[in-house]
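Heads up: the structure comes next, in structure tokens.
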Amino acid sequence: MFRVRVLPALVYGVLAGGFAALASAQDASPSDVIEVRASADGEGLFHPDDSPVAHSSIGRAAIEQRSSLSNPFQLLDLLPGVNTFSPDAGGLFGSNLRVRGFSGEQLGVTLDGVPMNDPGNFAVYPHEMADPENLQEIFINQGSSATDSPIVNALGGSVGMITAPPADQSRLRVQQTFGSYNAHKTFVRADTGLFADGRAKAFISYSLAEADKWKGDGQARREHVDFKGVLNLAPGNSVTAGFLWNKIDNHNLRSLTLAQIDSLGRNADFGTTLPQSLLAQNGKAPDNGYYDFNKNRFENSLSSLKGSFQLAPALRLDVEPYYWYGRGYGGNQLATLMESGYVPSAQELADHKVPSTFRGGVADINGDGDPNDKLLVFSSDVIETKRPGVTLRLSAQLNNHRLMSGYWYDRARERRTRPAMAFDSAGNVADPWLKDSSGFLKNQDGSTYQGRDWLTVSTSQSVFLQDNIALLDDRLNVQLGIRRLSIRRDFHNYANASSSGAVDYDTGGSFAKTLPSLSVLYKLDQAQQIFFNVAGNFSAPSYRIYSDLFNGSGLKPVNVTAESSTNWDLGYRYAGEKFSASGSLFFIDYRNRIASSYDPVAGLPGTEYNVGDSTTRGVEVESAWRFMPSWSLYGSLSYTRSRMNDDLRTAASTWEATAGKEFPDTPNWLAGISLRYQQGPWTAGISAKYTGARYATLVNDQSIGGFTLVNVDASYRLPPTAFFRKPSLRLNIYNLFNTDALYLNASSGSTFTTRAEGAGGQSPVYYVGAPRTLGLTIASDF
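In my numbering, the protein residues as written are 204 to 985.
In structure tokens, the structure reads:
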């Protein structure tokens, strides 16, 4: 009953009250409106700007009211068109998002202009990025990305994070958070203040966060370092250095089918008893797994420089090199291996489960003197990435033309392996991070066992040019952009124990597209503007199209082209003293969607292939209203309608009926509202996010209902003392009404389940939303 009533209330809060204020705001003089343009900002949730594209952002004022355990994607949950999810309240266990139905893999994500998507499959992991305490702003361009964006996968738009600058005054900030499920986070940041005759300043921070899983055994642990330093060489010339280090060691939360939720309950998780067959000669993994062998361990760092040089009064050069490194693994680490002499059962033979013969097969695992056993081992898909890149940008002002041209280069080397280690008598392994190869299992010829062994070198480039033309005394702005994006993938398969990778082979391919864009902004007056934007987007296929190609006699052909989209937006903005609003109509033409399908050229089922086109259309609205000096209201409302245009081919003469169906995990309705109060040292707020019903399969034969999550926060600034300069307390309550929620555990593309019912049906799996969670934060400057 509550879910049925909340959507009309949210819509009313977004539109009715605010537009009533718009009528009275029209009486204000233009000078009054401009003077207070940023005041009606929903306490950091709405930022009126002059962008000629659909654009939303969250600022520092809103970020600092959220839980310090949040990751960047969770902070975006109230913005229009955004559908975020996380298996926990704090975001330590990961998170993802969709914008207009496009997943994180289809959005270009940057941190201070550096690309953060995985270069191989474009996955993105927000809990590996900056601490929220150090973020100044997070923005979304719904539907398009900037002409100079260093990304090759932005089919549905872009997300950018900007870190806060170092403070001008020296300070030490200490913050401690305590919360439900033994959650705690310690955050310490030191700012140097201005030094070197006021030309330089820097900060460095360290944080340690831990929390138990809200269901089952296990926990998350995250260590993080942020650094930023600025050196002003001369007026208009500066160098900014950045560094990030992150290390996570997390247990996974188990995802469940609807049938499992009905039979086992929403709190069902991985097993908590060490498998009795762990050291047995015919080991078998338990059906519910084991929690301590379902982990995500990853360590990454990012180093960057930004040089900005004023070459002439109207000419500027920006040079931005970076280097990203990461290593780790995720998923399930409990695997079964057959030694070279193991004799399979009749059922195993029927299931094509036989010992590997690669390099003589797997040698004696348990040291019993014979190679005739089937044993459980510790194994996982390890990835190591080394990624340097640079962006060069030249900007010039020529009369009423603001010109920009540049070049981006990125070369990523990703090594993907699958080693294995034996358990000791206590069920432990010598190196749980799988770094020390001396402990890896061997083949009979003495070589190291690998279940996969791939090297992908992805070389990405972009050449771009943009002209921003100011006309009619700056009332009309026309932005013309063009860029040539390309990516070359060189894939090297080193012979390994996988039957589809048992020989060395090299393959690869290049993908490129020229992407034009046109944006127009017209200012009706100093408070109102309309904008139009059309932009071409592009995404290359994943490295996966080149893996496991060996079929016993040769290599299977690869017949995949890049995906593309064209995004159209028509919008209106109003910025007033008490009320601000923005809205847009959008249409997306999505071509050559890649999914797991039948390849009619190669005659192969279950292959990543271009399966057809789709369209998405809708409307997005957001507004902020300061209806009393101490009270403000923010609201957003989105309606999205997606349609696949083609049936999905599954064999030479069979198709799944997907034409006319909606994209999975793309609700028609999303709505958010935030009511805030601020008076003196007190700040309080309550927010609600409605996520509508959505389908879970490509044929739309299973769906999950909508839900509303309500969150509350309150803070108090204590009086300063000689020692405590800015003491404060903050309380955060997530999911106030303990609402049940389900989130689909799938990204876009080939990971969507085709059907849940009928022949060939497979049940989709879901993450169960976290229950009510509390957090208390104590902070002060010194």
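The C-beta atom is built at its ideal place from N, Cα and C for all residues, glycine as well.
Item: Using 8 Å as the threshold, is the C-beta distance between residue 691 and residue 662 below it?; Value: yes
Item: Skipping 5 residues on each side, what residues in its chain have a beta carbon closer than 8 Å to that of residue 215?; Value: Because the pLDDT at residue 215 is just 48, under 50, the model does not fix this residue reliably, and the value given afterwards should be weighed accordingly. Cβ neighbours of residue 215 beyond the five flanking positions: none.
Item: Anyone know if the C-beta pair for residue 440 and residue 513 falls short of 8 Å?; Value: yes
Item: Provide the residue span of the beta strand (DSSP E) that contains residue 934, from first to last.; Value: 931-937
Item: So residue 682 packs on residue 335, CB below 8 Å; how close in whole Å?; Value: About 32 Å; that fails the 8 Å criterion.
Item: Ignoring anything shorter than 3 residues or poking outside the segment 394-451, list the beta strand (DSSP E) runs there in chain order.; Value: 403-415, 422-437
Item: I'd like to know whether the C-beta atoms of residue 260 and residue 341 end up nearer to each other than 8 Å.; Value: yes
Item: Can you give the Cα-Cα distance for residue 238 and residue 779, rounded to whole angstroms?; Value: Low local confidence applies: a pLDDT of 31 at residue 238 is under 50, so the model's placement there is unreliable, with the coordinate-based value given in what follows. Cα-Cα distance, rounded: 9 Å.
Item: Mind checking who residue 719 pairs with in its DSSP beta bridge?; Value: 685
Item: In whole angstroms, what separates the C-alpha of residue 521 from that of residue 307?; Value: 28 Å
Item: Could you give the distance in angstroms between the alpha-carbon of residue 648 and the alpha-carbon of residue 480?; Value: 28 Å
Item: Check the C-beta distance from residue 459 over to residue 471 and give it rounded, since I have them as a contact under 8 Å.; Value: 6 Å
Item: Got a sec, what are the start and stop residues for the beta strand (DSSP E) residue 873 sits in?; Value: 872-882
Item: Taking Cβ to Cβ, would you say residue 643 is nearer than 8 Å to residue 615?; Value: no
Item: Determine the closest residue to residue 405 out of 430, 385, 422, 425, with distance taken between C-alpha atoms.; Value: 430
Item: Please confirm if the segment 932-948 is in contact with the segment 903-910, defined as three or more CB-CB distances below 8 Å between the two stretches.; Value: yes
Item: Once the 5 residues before and after residue 678 are set aside, which same chain residues still bring their CB inside 7 Å of it?; Value: 725, 726
Item: Quick one, are the C-beta atoms of residue 373 and residue 346 less than 8 Å apart?; Value: no
Item: If we call anything under 8 Å between Cβ atoms a contact, is residue 337 one with residue 386?; Value: no
Item: Counting beta carbon pairs with one atom in the segment 566-582 and one in the segment 530-548, are three or more of them shorter than 8 Å?; Value: yes
Item: Restricting to Cα atoms, I'd like to know which of 258, 330, 285, 322 is closest to residue 275.; Value: 330
Item: Let me know the beta strand (DSSP E) ranges lying completely inside the segment 519-551, each 3 residues or longer, listed in chain order.; Value: 537-541
Item: In the DSSP assignment, find the beta strand (DSSP E) that holds residue 338 and state where it starts and stops.; Value: 338-345
Item: Taking Cβ positions, are residue 900 and residue 271 nearer each other than 8 Å?; Value: no
Item: Quick check: the Cα distance between residue 867 and residue 985, rounded to an integer number of angstroms?; Value: 50 Å
Item: Please determine if the segment 309-317 and the segment 852-860 are in contact, where contact requires at least 3 C-beta pairs separated by less than 8 Å.; Value: no
Item: Would you call the CB atoms of residue 597 and residue 608 closer than 8 Å?; Value: yes
Item: Quick check: the Cα distance between residue 846 and residue 961, rounded to an integer number of angstroms?; Value: 22 Å
Item: Where does residue 330 fall in DSSP's three states?; Value: helix
Item: Can you list, in chain order, the residues of its chain with a C-beta nearer than 7 Å to that of residue 493? Leave out the 5 residues immediately preceding and following it.; Value: 473, 474, 477, 478, 537
Item: Would you decide whether residue 456 is buried or exposed? Buried here means 16 or more other CB atoms lie within 10 Å of its CB.; Value: buried
Item: May I ask you to report which of helix, strand or coil DSSP gives residue 563?; Value: helix
Item: Does the beta-carbon distance from residue 247 to residue 263 come in below 8 Å?; Value: yes
Item: Which residue's Cα is closest to the Cα of residue 584: 930, 375, 532?; Value: 532
Item: In this structure, does DSSP put residue 764 in helix, strand or coil?; Value: coil
Item: Per DSSP, which one or two residues make a beta bridge with residue 318?; Value: 313
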